[in-house]
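Worksheet: one structure, shown below.
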Amino acid sequence: MGTGLPQRTRIPQKPILRNSASVKSISLNPLRNFGPKSFFLRLAGVGLGAIVLLFLIQSPVSAQEAVSKTIAESAQTLADNLWVVVAALLVFLMQLGFGFLEAGLTRAKNVANIMAKNLADMAIGTVAFFVVGYAIAFGKDAGGVIGSEQFFLSGANGGDQAVDTLSTYVFFFFQVVFAATAVTIASGAMAERTKFSGYVIFSAVMTAFIYPMVVHASHWGGEDGIIASLKIGDAIFTDFAGSSIVHSTGGWAAMMGALILGPRLGRYQNNSALPIPGHNIAFTAAGIFILWFGWFGFNGGSQLAFDEAVSQVLLTTLISAAAGGIAAAATITLKTGSVDVAMTGNGVLAGLVGITAGTHIVNPFGALIIGAVAGVIVVYSIFFFDRVHIDDPVGAISVHGICGVWGTLAVGLFASVGIGDGARGLFYGGGISLLVVQLIGILIIFGWVTITTGAVFIALSKLNLLRVSREDELLGLDVTEHGSLGYGAEFGVEHVEGTEQGILSILQATIGRVFKKKSKTS
Numbered sequence: 002m003g004t005g006l007p008q009r010t011r012i013p014q015k016p017i018l019r020n021s022a023s024v025k026s027i028s029l030n031p032l033r034n035f036g037p038k039s040f041f042l043r044l045a046g047v048g049l050g051a052i053v054l055l056f057l058i059q060s061p062v063s064a065q066e067a068v069s070k071t072i073a074e075s076a077q078t079l080a081d082n083l084w085v086v087v088a089a090l091l092v093f094l095m096q097l098g099f100g101f102l103e104a105g106l107t108r109a110k111n112v113a114n115i116m117a118k119n120l121a122d123m124a125i126g127t128v129a130f131f132v133v134g135y136a137i138a139f140g141k142d143a144g145g146v147i148g149s150e151q152f153f154l155s156g157a158n159g160g161d162q163a164v165d166t167l168s169t170y171v172f173f174f175f176q177v178v179f180a181a182t183a184v185t186i187a188s189g190a191m192a193e194r195t196k197f198s199g200y201v202i203f204s205a206v207m208t209a210f211i212y213p214m215v216v217h218a219s220h221w222g223g224e225d226g227i228i229a230s231l232k233i234g235d236a237i238f239t240d241f242a243g244s245s246i247v248h249s250t251g252g253w254a255a256m257m258g259a260l261i262l263g264p265r266l267g268r269y270q271n272n273s274a275l276p277i278p279g280h281n282i283a284f285t286a287a288g289i290f291i292l293w294f295g296w297f298g299f300n301g302g303s304q305l306a307f308d309e310a311v312s313q314v315l316l317t318t319l320i321s322a323a324a325g326g327i328a329a330a331a332t333i334t335l336k337t338g339s340v341d342v343a344m345t346g347n348g349v350l351a352g353l354v355g356i357t358a359g360t361h362i363v364n365p366f367g368a369l370i371i372g373a374v375a376g377v378i379v380v381y382s383i384f385f386f387d388r389v390h391i392d393d394p395v396g397a398i399s400v401h402g403i404c405g406v407w408g409t410l411a412v413g414l415f416a417s418v419g420i421g422d423g424a425r426g427l428f429y430g431g432g433i434s435l436l437v438v439q440l441i442g443i444l445i446i447f448g449w450v451t452i453t454t455g456a457v458f459i460a461l462s463k464l465n466l467l468r469v470s471r472e473d474e475l476l477g478l479d480v481t482e483h484g485s486l487g488y489g490a491e492f493g494v495e496h497v498e499g500t501e502q503g504i505l506s507i508l509q510a511t512i513g514r515v516f517k518k519k520s521k522t523s
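Structure representation (structure tokens):
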């Protein structure tokens with residue numbers, strides 16, 4: 002840790018004569034005012050001052066330059082910390098974006114449950130990361146596998162410098178919102194059929210242990226981790242803001258959750274995928290725009306400083322997202338004959354995930370290609386998971402897992418700036434070494450996350466803490482898990498087999514369930 006942030010420098014001011022009378026009382030004759038002894042002492046002092054001034058003027062760095070340098074360093078420190086705090090706030094806002102996106106793409110009877118899970122991810126994730134996760138991710142390395150200090154942020158204070166000019170508290174704030182993002186990705190793929198208690202347990206384990214272990218293994222956690230140590234020739238594994246470290250980690254967790262949970266009731270019949278439309282496309286669009294907005298903090302803040310590199314990061318992030326949306330819209334139109342709003346939005350998110358790994362070393366044209374390819378990939382990936390009957394209501398596996406892989410590999414293709422010892426992407430004369438390193442890192446993360454999250458979900462399933470009952474799923478999780486309808490009785494009724502009797506039975510059961518829960522608590 003550093004010795005603390007530089008303090009604000011005070012520039013000494015010239016002494017001020019308090020009144021005009023004191024000025025008039027001083028004679029121009031020095032002997033009259035001070036006497037012989039004082040006069041010679043003053044004269045010696047003036048001479049010494051002149052010598053010192055001459056020395057400072059002729060020295061390489063004058064006193065004024067030193068003061069200016071200190072002021073500049075202090076201002077840069079302040080700017081860096083302020084920018085990262087703003088970026089962290091933008092990433093924090095992404096939690097709302099995930100909530101709106103997921104709620105819009107699912108049914109009205111589950112909207113309260115979805116918002117509850119997003120609240121839990123931030124609240125539980127913050128505490129779990131504070132107690133354990135930060136230490137595992139960024140603590141002193143133990144055997145190249147795990148961090149071993151700063152549990153509960155012990156020994157840290159707001160003035161310590163964690164990375165370059167950033168204080169420990171600012172750095173923690175930025176990292177904890179990333180941890181919450183990694184876990185909340187899985188929420189969408191597990192929507193409409195997961196017990197809230199089981200999801201909360203998964204959220205805690207993910208932010209306390211599974212995600213921090215990925216961070217520590219990578220260059221984010223230092224130079225000793227398994228992934229950080231990967232090197233082929235001049236190439237080292239590179240993931241600037243988390244295409245794999247955050248997004249694929251969340252995507253693989255989402256895949257294991259959806260796989261072990263099984264599909265929603267009625268989703269697949271006679272080997273065909275039946276649509277279960279979301280209830281509010283406006284929510285979906287709002288969520289996408291909030292996520293897009295927050296992503297400027299996600300990628301821009303990952304520079305961990307406010308410097309000239311931030312502008313390139315913001316530009317490539319914008320271009321890739323736009324290209325992803327356009328490509329996804331074109332692809333789904335060719336396949337179905339219409340522009341699907343949700344799929345277009347997923348294309349925007351795919352472009353954002355795709356550029357996240359290399360946004361600092363990819364030029365704008367490269368960002369355009371990366372985003373466009375991600376937009377095409379996400380459409381075909383969503384159709385693929387439907388064909389294999391892995392039910393993902395929001396497309397989280399495809400957006401974050403699959404496009405996270407693409408973004409990480411894209412560094413090995415489009416890196417126009419040398420990284421490590423100067424390695425560039427294949428398309429910029431760097432050969433395949435960087436591409437191979439990226440692939441190895443991807444496989445390590447895939448193996449770790451699928452094994453650990455799979456074990457967690459299997460254990461929860463064995464304990465009957467993972468999937469809700471058939472009755473509860475039909476009634477909706479707002480009532481069965483939280484005791485109230487998300488929209489009120491007039492909006493919370495869902496069709497069962499499209500019959501009036503089915504609607505009536507749902508209404509009766511819902512009202513009965515609410516009164517039953519209230520009678521138990523009264």
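Numbering (this note's numbering), first residue to last: 2 to 523.
All C-beta atoms in this analysis are idealised placements derived from N, C-alpha and C, irrespective of residue type, glycine included.
Pairwise C-alpha distance: residue j and residue i
{"i": "Val24", "j": "Gln313", "result": "Its pLDDT being 31, under 50, Val24 is placed unreliably in this model, and the coordinates cannot settle the point."}
{"i": "Leu440", "j": "Thr318", "result": "22 Å"}
{"i": "Gly298", "j": "Phe174", "result": "13 Å"}
{"i": "Phe307", "j": "Leu90", "result": "15 Å"}
{"i": "Ala343", "j": "Glu103", "result": "11 Å"}
{"i": "Val128", "j": "Ser204", "result": "11 Å"}
{"i": "Ile237", "j": "Leu436", "result": "10 Å"}
{"i": "Asn272", "j": "Ala80", "result": "57 Å"}
{"i": "Phe366", "j": "Thr332", "result": "21 Å"}
{"i": "Ile383", "j": "Gly396", "result": "6 Å"}
{"i": "Ile371", "j": "Leu292", "result": "19 Å"}
{"i": "Leu461", "j": "Gly199", "result": "6 Å"}
{"i": "Val68", "j": "Val374", "result": "51 Å"}
{"i": "Thr337", "j": "Val379", "result": "15 Å"}
{"i": "Val146", "j": "His217", "result": "7 Å"}
{"i": "Ile58", "j": "Ile72", "result": "Note that Ile58 has pLDDT 49, beneath the 50 cutoff, so the model's placement of it is unreliable and no number is given."}
{"i": "Ile433", "j": "Gly226", "result": "23 Å"}
{"i": "Ile420", "j": "Ala187", "result": "32 Å"}
{"i": "Ala416", "j": "Ala229", "result": "18 Å"}
Cut-off 7 Å between Cβ atoms - residues of its own chain near residue i, not counting five sequence neighbours on either side
{"i": "Val171", "result": "Asn82, Val85, Val86"}
{"i": "Asn114", "result": "Phe197, Leu478, Asp479, Glu482, His483"}
{"i": "Lys141", "result": "Gly148, Ser149, Glu150"}
{"i": "Val206", "result": "Val457"}
{"i": "Phe386", "result": "Asp393, Ile398, Ser399"}
{"i": "Leu315", "result": "Phe297, Gly301"}
Buried or exposed (CB count within 10 angstroms, at least 16 for buried), residue i
{"i": "Val363", "result": "buried"}
{"i": "Gln270", "result": "exposed"}
{"i": "Ser339", "result": "exposed"}
{"i": "Asp165", "result": "exposed"}
{"i": "Val53", "result": "Low confidence applies to Val53: its pLDDT is 46, below 50, so where it sits in the model is not reliable, and the reading given next is rough at best. Exposed is the call here."}
{"i": "Asn158", "result": "exposed"}
{"i": "Pro37", "result": "Confidence in Pro37 is poor, its pLDDT being 47 and thus under 50, which makes the residue's placement unreliable; the coordinate value appears in the next sentence. Pro37 should be labelled exposed."}
{"i": "Glu498", "result": "Note on Glu498: pLDDT 41, under 50, position unreliable in the model; no value is reported."}
{"i": "Lys70", "result": "exposed"}
{"i": "Lys463", "result": "exposed"}
{"i": "Ala255", "result": "buried"}
{"i": "Asn465", "result": "exposed"}
{"i": "Glu474", "result": "buried"}
{"i": "Gly288", "result": "buried"}
Expected contact under 8 Å - CB spacing of residue i and residue j to nearest Å
{"i": "Gly252", "j": "His401", "result": "4 Å"}
{"i": "Gly346", "j": "Ala286", "result": "6 Å"}
{"i": "Gly355", "j": "Ser321", "result": "6 Å"}
{"i": "Gly295", "j": "Gly326", "result": "No, Gly295 and Gly326 are not in contact; Cβ-Cβ is about 16 Å, not under 8 Å."}
{"i": "Arg108", "j": "Glu193", "result": "7 Å"}
{"i": "Gln176", "j": "Ser168", "result": "Actually they do not touch by this definition, with Cβ atoms about 13 Å apart."}
Residues near residue i in its chain [Cβ-Cβ closer than 6 Å; skip 5 each side]
{"i": "Phe131", "result": "none"}
{"i": "Ala183", "result": "Tyr212, Val247, Thr250, Gly251"}
{"i": "Ala330", "result": "Val340, Thr345"}
{"i": "Val178", "result": "Ala89, Val92, Phe93"}
{"i": "Gln502", "result": "For Gln502, the predicted structure reports a pLDDT of 46, less than 50, and the residue's modelled location is therefore unreliable. A value from the coordinates is still provided. Cβ within range, chain order: n/a, list empty."}
{"i": "Val112", "result": "Ala104, Gly487"}
{"i": "Asn281", "result": "Gly105"}
{"i": "Met116", "result": "Gly100"}
{"i": "Gly423", "result": "Asp235"}
Cut-off 8 Å between Cβ atoms - residues of its own chain near residue i, not counting five sequence neighbours on either side
{"i": "Val311", "result": "Trp84, Gly301, Gln304"}
{"i": "Leu231", "result": "Ile237, Phe238, Val438, Ile441, Gly442"}
{"i": "Leu369", "result": "Ile320, Ser321, Ala324"}
{"i": "Val133", "result": "Phe152, Ala209, Phe210, Pro213"}
{"i": "Ile202", "result": "Val457, Leu461, Leu466"}
{"i": "Leu427", "result": "Gly413, Leu414, Ile433, Leu435, Leu436"}
With a cut-off of 8 Å, do at least 3 Cβ pairs link the stretch 355 to 364 to the stretch 405 to 421?
A contact exists between the stretch 355 to 364 and the stretch 405 to 421.
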